[in-house]
Each structure stands twice: as C-alpha cells, then as structure tokens.
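Each remark here refers to the structure printed beneath this line.
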Amino acid sequence: MKRYRYATAIMLAMILWLGCFAGCTKKNDTRTIAGYAMEPSEGTYAYVIHTPHATWHLAAADIELLGEEMFFEGLERLLENQEADFEDAIAALDGYLTEVPVIDVYTDFSGRTEKAQLGAYGAYCRWNVPCIEIYQPDMAFAELLHEYAHYLTHSCMRYEIDGNFWSEAIAEYVSKFICKNRMFCSAYREDGRTALAARGFANQDGDPDIRKMYCAAAAAIRDGLMIGQTFSVVSQAPVVMTERMLEHPTLTMLSYYEAGCFFDWLVERYGKELVFANMTIGQGEFREVFGEDFETLFFEWAADNQAFCTENGLKLIGSEE
Ligand SMILES: [Zn+2]
C-alpha cells in the first residue's frame, strides 16, 4: 500500500511536471519583441503587438518577403525606441493637443514597392481613419516619427492645418528639429556615425544631429545643388528644380528640408502660439500675420541658415567640389 502510494505520488509529480513543461513551452513560443508580447492574429496580419501609443499589425506577406530574421531584427530596433520618440513628439506639442488615442500601424510592403518608389515615400499617415502604413522597411526608421507627427497635428491638435506646406513643415519640425528621433538615429551604423561626426553632424552624445543635417541640406538646395535635378517638394509631386524656382520660392514648391527649417525659424522668431494658430494661411497672407511678405521672410531665413552652417562648418556630404 505504501509502495503504491509512493508510485502514485511519483506519477502525479511527473504529470504535474509534464504539465508545467508543456505550459512553459507554450510561454516560450509567445515571442516578445523589445519587451512587447507578440500576439498571433488571423488573416492578412499574422501578429499584433500592443505598445502604449501604437498597435502594430504585422503582415504575414511582409514577414515572408523579408525573411523572419530581417523582419524581426528591424522591428525590434524600431520598437526599442518608438515609445520614447512618440513621447517626445507629444511633448513637443504640449498644450496644443487634445487626447491622443493609440494609433494603428500596419506593415504594408508587399506589392507596394512600385508605389513607394513613385511617391518616393516609405510610409503614409491617413487621417480620415487615423492609421500609419509603412511601405518600405528602411524608410520606417527615417519617417515613422514624421508620420506620427502628422497623426498628432491632424487628428489630435487644437489648431487646424491647411495645405501641404504647413502639414509637412510641422511634421518635419517636430520629427527632425525638436525630437531626438532615436528611430532615425538607430538606422546609422558605426561607420555612418563616424563620417557624420567628422563633418560636425553629431550632437554631444555622439548621435547624428538631424537638425544640423537638415539645415545643411536646406542651405545646399538654396545654393542651387538641385538645379536640373528631380527632387521631392511638399506638394508631393517630384519636380525638376529650376533657376526660377530658386529665385522665386513658393510655399508648395519647397523641399522638405527647407520647409522644416523655415518653420523652425518662424517659431524661433514669432513663437509657437502665433505660428501654430496660423497654419491655414496662403503665401499671400504672410504679411497680414507676420508683418512681412513670404519672400522677404524666406530669404531672411535662408541668409540666417547659411550663416549658421558657415559658423558651424556644416557642409552636406557630396556638396563640396
Ligand atoms: Zn509627410
């Protein structure tokens, strides 16, 4: 009897142990990415990941396209920095935002390559039904925070925005001039960081200084670097830069670099309140709001920006003779 009881106890222990083992195995199968649990889903999106500010939907076809290793390695690098970056963007607009609901982010690479190349953009923010779609995996690092800034400014801001210039300018201002943008910086490997630092494009932490990179790019464009070449303007249709465009800038034909840099300058000079409250005005209304016409202000910014680049010895890589 005693022996029997003993055997039963062993059996029971084994079953319990097996049960635990099975349970543990199941737990290990539930992968975590940057500390977030990855929940299996059905249909187009194989997994869902919930972070405090974003719900990620990972397309099964995209995981297959890149291969598991590359897909999850890239995703991990993004998710390690996403929350801190999104918090920075919200802080940059502190006092101007209403509630900020969690945004849905969809990976959508497959079958989009052509569209992404044509539009020269890698991600898109829809604000009728707010969500962010990522078309190019590499571009996610550079543009996810820009798209999140679109979401904040179009869906959660107390002031209205009208037209491509204001929309892109504030998105660039928030994501490239105010925020650290850790996701953007994480795309730079060691040799890239060294090359940037050697040219003065590093901040005190040794990270790429995106603000300075943008100022230098804007200065090079003002200097005629893009004449005769196709480049992206805020009105979203790539155009060929002409001498005339350089001499007579218009709001809709500015590059993203100029738009962000000029917006930052306007905020420095006139304050957030005045600029944010007037993101609906056209080129002809600048004098009414800022006391000077658009061209005068724009050329004043360009001169200030050039002086800043000269003082700091900033020269765009590839722009020297
Ligand atoms: Zn944009």
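All letters in the sequence shown, in the order written, are residues 55 to 375 by my numbering. All C-beta atoms, glycine included, are put in the ideal place defined by N, C-alpha and C.
Would a C-beta distance cut-off of 7 Å place residue i and residue j closer than the cut-off?
i: Phe231; j: Arg265; result: yes
i: Phe163; j: Tyr202; result: no
i: Gly128; j: Pro184; result: no
i: Ser221; j: Ile215; result: yes
i: Glu226; j: Gly314; result: yes
i: Leu370; j: Ala252; result: no
i: Met237; j: Phe255; result: no
i: Ala114; j: Ala91; result: no
i: Tyr324; j: Ala272; result: no
i: Phe285; j: Met299; result: no
i: Asn332; j: Val343; result: yes
i: Met199; j: Asn257; result: Before going on, a small fix: residue 199 reads as Leu here, not Met. Going by C-beta atoms, Leu199 is not nearer than 7 Å to Asn257.
i: Asp158; j: Thr109; result: yes
i: Phe330; j: Tyr213; result: yes
i: Thr306; j: Asn218; result: yes
Once DSSP output is grouped into helix, strand and coil, what is the label at residue i?
i: Lys80; result: Reliability of the predicted coordinates at Lys80 is poor, the pLDDT of 38 falling under 50, and the value obtained from them is presented with this limitation in mind. In the structure shown, Lys80 sits in a helix (DSSP, three-state: H, G or I).
i: Met280; result: coil
i: His302; result: coil
i: Phe24; result: The structure shown does not extend to residue 24, since the chain spans only 55 to 375, so no value can be given for it.
i: Arg253; result: coil
i: His200; result: helix
i: Pro191; result: helix
i: Asp318; result: helix
i: His107; result: coil
i: Val294; result: strand
i: Thr161; result: strand
i: Ala313; result: helix
i: Glu131; result: Looking at the sequence itself, residue 131 is Arg, so the reference to Glu does not match. Helix, per DSSP.
i: Ile232; result: helix
i: Glu141; result: helix
i: Cys210; result: coil
i: Arg180; result: strand
Would residue i be called buried (16 or more neighbouring beta carbons within 10 Å of its own) or exposed?
i: Ala194; result: buried
i: Pro155; result: exposed
i: Asp318; result: buried
i: Arg276; result: buried
i: Gln283; result: exposed
i: His104; result: exposed
i: Val288; result: buried
i: Leu368; result: buried
i: Val228; result: buried
i: Ala145; result: exposed
i: Asp116; result: buried
i: Pro106; result: exposed
i: Glu118; result: exposed
i: His111; result: buried
i: Met280; result: buried
i: Asn359; result: buried
i: Thr86; result: exposed
i: Glu197; result: buried
i: Phe353; result: exposed
i: His302; result: exposed
i: Thr207; result: buried
i: Ile224; result: buried
i: Gln262; result: Reading off the sequence shown, one finds Pro at residue 262, where the question assumed Gln. When all chains shown are included, Pro262 counts as buried.
Cβ of residue i within 6 Å of any heavy atom in ligand 1?
i: Ala225; result: yes
i: Glu222; result: yes
Can you determine whether any heavy atom of ligand 2 sits closer than 6 Å to the C-beta of residue i, and answer yes or no?
i: Ala252; result: Only ligand 1 can be found as ligands here, which leaves ligand 2 out of the picture.
Let me see if you follow: with CB-CB separation under 7 Å, is residue i close to chain C or not?
i: Asp263; result: Absent from the structure is chain C; it holds one protein chain and no more.
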